[in-house]
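Each remark here refers to the structure printed beneath this line.
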Amino acid sequence: MALYLDKLLAQLAYPLGLALSLCLVSLLLLALRQRRWSAALLVLAVSWLGLWSLPAVSDALRLSLEGRFANRPVTELPAADVAVVLGGGIDSGPPSWPYPNLGEAADRVWHAARLYRAGKVETLILSGGRQPWQGKGPPESEAMRQFLNDLGVPDAALQFEHRSRSTRENALYSAELIRSQGAARVLLVTSALHMPRALASFRAVGIEAIPAPCDFEVKPEPAHALRWLPDAGALAASTRALKEYLGWCVYWWRGWAVEAGHV
274 MALYLDKLLA
284 QLAYPLGLAL
294 SLCLVSLLLL
304 ALRQRRWSAA
314 LLVLAVSWLG
324 LWSLPAVSDA
334 LRLSLEGRFA
344 NRPVTELPAA
354 DVAVVLGGGI
364 DSGPPSWPYP
374 NLGEAADRVW
384 HAARLYRAGK
394 VETLILSGGR
404 QPWQGKGPPE
414 SEAMRQFLND
424 LGVPDAALQF
434 EHRSRSTREN
444 ALYSAELIRS
454 QGAARVLLVT
464 SALHMPRALA
474 SFRAVGIEAI
484 PAPCDFEVKP
494 EPAHALRWLP
504 DAGALAASTR
514 ALKEYLGWCV
524 YWWRGWAVEA
534 GHV
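Counting with my numbering, you get residues 274 to 536 for the letters of the sequence shown.
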């Protein structure tokens with residue numbers, strides 16, 4: 274139940290959810306003949322939604338997260354005992370599906386394969402469970418295994434963490450596997466947008482991981498008028514970044530995120 278409640282509250286805090294909530298309150302005020310307040314809330318809802326729909330705003334917001342890390346080839350990363358690969362990029366689907374579907378963050382699995390093939394790690398820990406609202410089916414870590422096998426990574430190089438349903442649980446349960454192996458150096462593979470919260474989550478459970486970011490979204494682009502026109506893709510991208518900031522605040526408040534240099 275707590276997982277569903279967290280999901281609901283998060284959806285209401287995102288741009289679309291908050292804008293729709295303001296519109297509903299605006300309609301209620303209109304029914305109560307509070308036309309001035311109703312109009313003000315409607316303007317606020319449209320303005321709020323429009324702001325996060327601007328590509329220029331979306332890029333700046335995402336760059337504030339992604340810009341903390343360099344987009345480097347795997348050859349420049351240090352060798353490590355293990356690499357933890359966080360789920361979120363592959364949909365395993367129902368049991369009847371023969372192959373998993375690759376999502377926007379599937380670069381995480383590609384990047385893990387690159388690290389393995391470059392000889393940077395000999396063991397990959399695949400961290401990802403299955404959300405209760407997804408119905409029956411294998412956990413995401415199993416879908417990751419299937420994709421990595423297709424990329425030439427053998428089962429002998431893989432370990433699995435099947436229970437996690439959040440970044441907090443990714444860190445908590447992966448830490449158990451890391452400690453059981455006595456691994457001293459750990460690479461963390463996830464999307465650059467997600468990396469700040471992921472690193473802080475692992476730090477909170479006592480794992481000082483080395484970032485191996487991938488799936489960078491913001492590309493250098495010359496200034497032009499289209500960057501200031503609302504775009505549905507920009508709204509979705511802004512929502513992903515706001516999710517990370519909101520998640521960071523919640524994790525920090527709960528003691529689940531620790532900044533570098535803090536204990």
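Glycine residues also receive a C-beta, built at the ideal position from the N, C-alpha and C atoms.
- Beta bridge pairing from DSSP links Asp364 with Asn374.
- Nearest to Glu449 by alpha-carbon distance, out of Leu399, Leu302 and Gly520, is Leu399.
- Under DSSP, the beta-bridge partners assigned to Val357 are Ile398 and Leu461.
- In the DSSP assignment, Gln432 forms a beta bridge with Ile398.
- Taken in chain order, the segment 491-529 contains no complete beta strand (DSSP E) segment of 3 residues or longer.
- Boundaries of the beta strand (DSSP E) harbouring Ile483: Ile483 to Cys487, taken from the DSSP string.
- If the five residues before and after Gly376 are omitted, its C-beta is found closer than 8 Å to the C-beta atoms of Gly361, Gly362, Ile363 and Asp364, all from its own chain and listed in chain order.
- Here the alpha carbon of Gly401 sits roughly 9 Å from the alpha carbon of Met417.
- Between Leu359 and Asn422, the C-beta gap is not smaller than 8 Å, which leaves the two residues out of contact.
- Distance from the CA of Thr463 to the CA of Ala471, rounded to the nearest whole angstrom, comes to 8 Å.
- Taking the Cα of Arg441 as reference, the smallest distance to any Cα among Ala313, Phe342, Arg390 and His467 is reached at His467.
- Glu395 and Val459 have their C-alpha atoms spaced approximately 11 Å apart.
- Leaving aside the five residues that flank Gly323 on each side, the residues in its chain whose CB is nearer than 8 Å to its CB run, in chain order, Pro503.
- The alpha carbon of Trp525 has as its nearest neighbour, out of Arg476, Gly506 and Ala509, the alpha carbon of Arg476.
- In terms of Cβ geometry, Ala465 and Pro486 form a close pair [threshold 8 Å].
- Assignment of alpha helix (DSSP H) within the segment 314-351, counting only whole runs of 4 or more residues, yields 328-339 in chain order.
- If you draw a straight line from the Cα of Val491 to the Cα of Leu305, it comes to about 45 Å.
- Counting along the chain, Ile480 sits inside no alpha helix (DSSP H), nor does DSSP assign it H or E at all.
- Cα atoms of Leu397 and Ile451: separation of roughly 10 Å, rounded to the nearest angstrom.
- Within the model, the alpha-carbon separation for Ala283 versus Ala379 is close to 23 Å.
- A direct Cα-Cα distance of roughly 10 Å separates Leu281 from Gly290.
- Cα atoms of Val478 and Tyr446: separation of roughly 10 Å, rounded to the nearest angstrom.
- If you check the CB distance, Ala356 and Ala385 come in under 8 Å.
- Separation of the CB atoms of Leu295 and Leu317 is rounded to 6 Å, and the pair is thereby assigned contact status at 8 Å.
- Straight across, the Cα-Cα distance linking Ala510 with Pro368 is about 30 Å.
- The alpha-carbon separation between Ala496 and Phe433 amounts to approximately 45 Å.
- Contact between Leu461 and Ala482 holds, since their C-beta atoms are separated by about 4 Å, short of 8 Å.
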